[in-house]
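Asker:
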Amino acid sequence: MNARVPIAADRGLIGCDVCALVLRAPNPGLGGCCPRCGNTLHARKPFSVQRTLSWLAVSLVLYVPANLLPVMTTTSVLGRASHTIGSGIVELWSTGSHELALIVFIASIVVPLGKMGSLALLAFTAQRRSRWRQRERAGLYRLVDTVGHWSMLDVFVVVLLVGMLQFGVLATVEPEPGLLAFGAVVVATMLAASSFDPRLIWPAQPEVPESAPRG
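If you count by our numbering, then the sequence shown holds residues 858 to 1072, one letter each, in order.
(1) Going along the chain, which unbroken runs of the alpha helix (DSSP H) with 4 or more residues stay wholly within the stretch 877 to 961?
(2) Is GLY1035 near VAL875, with beta carbons less than 9 Å apart?
(3) So, are the CB atoms of VAL1004 and LYS972 less than 9 Å apart?
(4) Roughly how many whole angstroms lie between the Cα atoms of ALA1157 and LEU878?
(5) Between the Cα of PHE1039 and those of VAL918, TRP989, ALA900, ALA938, spot the shortest distance and give me the residue it belongs to.
(6) With DSSP run on the structure shown, which of helix, strand or coil describes GLY974?
(7) Do three or more CB pairs link the stretch 984 to 1001 to the stretch 945 to 956 at distances below 8 Å?
(8) In whole angstroms, give me the CA-to-CA distance for GLY889 and PRO883.
(9) Here's a check: name, in chain order, each residue in its chain whose Cβ is nearer than 8 Å to the Cβ of VAL1044, leaving out the five neighbours to either side.
(10) Using only alpha-carbon positions, find the residue among THR1029, LEU976, TRP989, ASN896 that is nearest to GLY936.
(11) Does the Cβ-Cβ distance between SER951 and SER1052 come in under 9 Å?
(12) Below 9 Å between beta carbons: does that hold for VAL1042 and ALA923?
(13) Among all the DSSP beta bridges, which residues are the ones paired with VAL1044?
(14) In the DSSP assignment, find the alpha helix (DSSP H) that holds GLY996 and state where it starts and stops.
(15) Just the Cα atoms here: how many angstroms apart are ALA914 and ALA977?
(16) Measuring only the C-alpha atoms, how far is TRP1059 from THR897?
(17) Run through DSSP, which three-state label would PRO1032 get?
(18) Grab me the residues of ARG994's own chain with a C-beta within less than 8 Å of its C-beta, minus the 5 sequence neighbours each way, in chain order.
(19) Rounding to the nearest angstrom, what Cα-Cα distance links CYS873 and TYR998 in this structure?
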């Protein structure tokens, strides 16, 4: 149970980040490229934790204007009104569109905050070379990578509304800066997720010396 688990580096192997080809690692310091796709080979993504935390900081800064600034303005015979993400969710709920309000709430509030919190946890534990709940953290990363694209859902909703109502006679919809800020948040969190190297969840185990024979 205390034996060190061998890793790919122990066997002189390396995997390509792009096409997942496994091949013999080049000599240290010489670099190398994947013979199949031409990608530069790295045992780990360079500065993975630092880049992940940097993109998380960008997404956190942009998340404030994304929620405070209006994402769209509607103009109709009843007047002109601007809507933030929060006010749009409240209005959808008050008008009886509970399912759509719940979808927008999950896509625009729960998913971005969940991604940022999860990636922060993964980055900090990887930086500390923690072996705490490694399987669960690996599953968390797969979940973040899978559901991250759905956070663009409310952007798609506004774009569809603009396309459907822009040519109408009684109503028009105009996108506002909040929509651009929220789209930037989604892109930043996606870049943070792609910058993180999940192999850092499994740090190399130190060699365990054999116990000396008892005389």
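We put the beta carbon where it would ideally sit given N, CA and C, even for glycine.
Answerer: To lay it out plainly:
(1) 905 to 925, 942 to 951
(2) Translated into positions along the sequence shown, residue 1035 becomes position 178. Translated into positions along the sequence shown, residue 875 becomes position 18. Their beta carbons are not under 9 Å apart, which means GLY1035 does not touch VAL875 by this criterion.
(3) Start at 1 with the first residue of the sequence shown, and residue 1004 comes out as number 147. Start at 1 with the first residue of the sequence shown, and residue 972 comes out as number 115. Contact flag set, yes.
(4) Nothing in the structure corresponds to residue 1157, since the chain is present only between 858 and 1072.
(5) Here residue 1039 refers to the residue found at position 182 of the sequence shown. That would be VAL918, whose Cα lies nearest to the Cα of PHE1039.
(6) Locating residue 974 in the sequence shown gives position 117, where the first residue counts as 1. Residue state, collapsed to three classes: helix.
(7) Touching, no, given that fewer than three Cβ pairs across the two stretches are closer than 8 Å.
(8) In the sequence shown, counting from the first residue as 1, residue 889 sits at position 32. In the sequence shown, counting from the first residue as 1, residue 883 sits at position 26. About 6 Å.
(9) Along the sequence shown, one-based indexing puts residue 1044 at 187. The answer is none, since no qualifying residue turns up.
(10) As a first step, residue 936 must be located in the sequence shown, where it is residue number 79. Answer by Cα proximity: THR1029.
(11) By one-based count along the sequence shown, residue 951 stands at place 94. By one-based count along the sequence shown, residue 1052 stands at place 195. No. Outside cutoff.
(12) For this step, residue 1042 is matched to residue 185 along the sequence shown. For this step, residue 923 is matched to residue 66 along the sequence shown. Cβ atoms of VAL1042 and ALA923: closer than 9 Å.
(13) Locating residue 1044 in the sequence shown gives position 187, counting from the first residue. DSSP output for VAL1044 lists no bridge partner at all.
(14) Stepping through the sequence shown from its first residue, residue 996 is reached at position 139. That run of the alpha helix (DSSP H) goes 991 to 1004.
(15) By 1-based counting over the sequence shown, the position of residue 914 is 57. By 1-based counting over the sequence shown, the position of residue 977 is 120. Computed Cα separation, rounded: 10 Å.
(16) Here the question's residue 1059 lines up with position 202 in the sequence shown. Here the question's residue 897 lines up with position 40 in the sequence shown. One C-alpha to the other measures close to 22 Å.
(17) To locate residue 1032, count along the sequence shown from 1; it is residue 175. Here PRO1032 sits in strand by DSSP.
(18) For this step, residue 994 is matched to residue 137 along the sequence shown. Around ARG994: LEU978, LEU979, THR982, ILE1058.
(19) Counting from 1 along the sequence shown, the entry for residue 873 is found at position 16. Counting from 1 along the sequence shown, the entry for residue 998 is found at position 141. Rounded to whole angstroms, CYS873 to TYR998 spans 19 Å at the Cα level.
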